[in-house]
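*Asks:* So the sequence shown is numbered by the working numbering: it starts at 32 and just counts up by one. A virtual CB, placed ideally from N, CA and C, is assigned to each residue, including glycine.
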Amino acid sequence: MKYISKTKTLEFSSDENVFKFHDQLTELMRFAMSNVGSGESSEAEALELTREFFERYSALSDALSSLRAHLPRGEVI
32 MKYISKTKTL EFSSDENVFK FHDQLTELMR FAMSNVGSGE SSEAEALELT
82 REFFERYSAL SDALSSLRAH LPRGEVI
């Protein structure tokens, strides 16, 4: 993977690397989200924690959404 500063884009060397990046970022976001709050959080607290999580990690969430929009649906896990 390479960042191209002129166009502000990431360039992947293969489709396999794109899918690997997608899978690892998805796993990371799921793991992080699963550790937000506790089982004792109220519904209102959980909603607030979820909102804070997605505000704090908005760049990662946006990258994942953008990538998913361009991946073949059958290939995405």
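Could you name the residues that DSSP lists as bridge partners for Lys33?
*Replies:* Within the sequence shown, numbered from 1, the residue matching residue 33 stands at position 2. DSSP output for Lys33 lists Glu42 as bridge partner(s).
*Asks:* Would Glu76 pass as a contact of Gly68 if the rule is Cβ separation under 8 Å?
*Replies:* Counting from 1 along the sequence shown, the entry for residue 76 is found at position 45. Counting from 1 along the sequence shown, the entry for residue 68 is found at position 37. Yes, they are a contact pair.
*Asks:* Rounded to whole angstroms, what is the Cα-Cα separation between Met32 and Phe84?
*Replies:* Here residue 32 refers to the residue found at position 1 when the sequence shown is read from its first residue. Here residue 84 refers to the residue found at position 53 when the sequence shown is read from its first residue. Between Met32 and Phe84, the C-alpha separation is close to 27 Å.
*Asks:* Can you tell me whether Glu106 is buried or exposed? The criterion is at least 16 other CB atoms within 10 Å of its CB, across all chains shown.
*Replies:* One-based indexing of the sequence shown puts residue 106 at position 75. With a pLDDT of only 49 at Glu106, under the threshold of 50, the placement of this residue in the model should not be trusted; the figure read from the coordinates follows. With fewer than 16 other Cβ atoms within 10 Å, it is exposed.
*Asks:* Can you list, in chain order, the residues of its chain with a C-beta nearer than 7 Å to that of Ile108? Leave out the 5 residues immediately preceding and following it.
*Replies:* Your numbering for residue 108 matches position 77 in the sequence shown. Confidence is the limiting factor: at Ile108 the pLDDT is only 48, short of 50, which leaves the residue's position unreliable, though a coordinate-based value still follows. Around Ile108: Asp54.
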